[in-house]
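Enquirer:
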Amino acid sequence: MGSPVLFPATSVTGVTWSRVQVKGPRFRVRASLDTNVSDMSVKAPKGLFLPEPEHYRGPKLKVAIIGAGLAGMSTAVDLLDQGHGVDIYELRSFIGGKVASFVRKRGNHIEISLHVFFGCYNNLCRLTKKVGADENLLMKDHTHKFVNKGGEIGELDFRFPIGAPLHGIRAFLSTNQLKTYDKSRNAIALAVSPVVKALLDPDGALFVVC
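As structure tokens, then:
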């Protein structure tokens, strides 16, 4: 018979210990979330994050969430914000799901999958700000550098106040990595791509992609 993994989803009042029967030794995994989870509704910079969901006015519920990945944890935060009780059930001895990492017996640090996100991920940015994790993030400048033959450095610089697709157009037109002929071909390809069409017809552009 397996031993239970004890997992406190968060230190926020209303969340209880959850148990899952698994084989192996007993572990305790703790994850602390900011107790004042409603703070972002007051301090969020206007236009940076999507609006908070409307406050739930129905009866308070007791909700079970299967899996302590990013989706499960973010769902728990929103439910707690609405005053519900939450239990999270996790099979593994660590939390995070596909954004988790762990250390193997030989000391190798293993990441479950690719760990990358962009500033345009509004919901994720709002979540990290809400739980205080944004202080651990260092956003990389949006540039790509190339080391060419002879040590010559080329660059694609996407840093531009206006986002897609204009920042991409500027990056390709101003780069020293491409010749004029290649820049012209890229400009034509981008002009007829779904990215530009989406500016005028989002649904039509999505149909082209799918």
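Numbered by the UniProt record's numbering, the letters in the sequence shown go through residues 1 to 210 in order. Note that CB positions come from ideal geometry on N, CA and C, so glycine has one too.
Using a Cβ-Cβ cutoff of less than 6 Å, which residues in the same chain neighbour Asp134 once the five nearest sequence positions on both sides are dropped?
Expert: Hits under 6 Å: Thr128.
Enquirer: Give the DSSP-derived three-state secondary structure of Tyr181 in the structure shown.
Expert: Tyr181: helix per DSSP, three-state reduction.
Enquirer: Compute the Euclidean distance between the alpha carbons of Ile162 and Arg170, then round it to the nearest angstrom.
Expert: Ile162 and Arg170: Cα-Cα distance of roughly 10 Å.
Enquirer: Below 8 Å on the Cβ atoms is my contact criterion, and I expect Pro165 with Val195 to pass it. Report the Cβ-Cβ distance as a whole number of Å.
Expert: The pair is a contact, with the Cβ atoms about 5 Å apart (cut-off 8 Å).
Enquirer: List the DSSP bridge partners of Val116.
Expert: Bridge partners of Val116: none, in fact.
Enquirer: Which of the three DSSP states is assigned to Gly91 in this structure?
Expert: Sequence inspection shows Leu at residue 91; the Gly mentioned does not correspond to that position. Three-state DSSP puts Leu91 in coil, outside helix and strand.
Enquirer: Indicate whether the contact test is met: 3 or more Cβ pairs, each with one atom in the stretch 115 to 125 and one in the stretch 82 to 89, closer than 8 Å.
Expert: At 8 Å Cβ cutoff, the stretches do not touch.
Enquirer: Can you tell me where the alpha helix (DSSP H) with Ser74 in it begins and where it stops?
Expert: Its alpha helix (DSSP H) spans residues 70 to 81.
Enquirer: Buried or exposed for Met73, going by 16 or more other Cβ atoms inside 10 Å?
Expert: It is buried - the Cβ of Met73 has at least 16 other Cβ atoms within 10 Å.
Enquirer: Please state whether the Cβ-Cβ distance between His142 and Arg159 is less than 7 Å.
Expert: Their beta carbons are under 7 Å apart, which means His142 touches Arg159 by this criterion.
Enquirer: Check Lys98 in the structure and name its three-state DSSP category.
Expert: The answer is helix: DSSP assigns Lys98 an H, G or I state.
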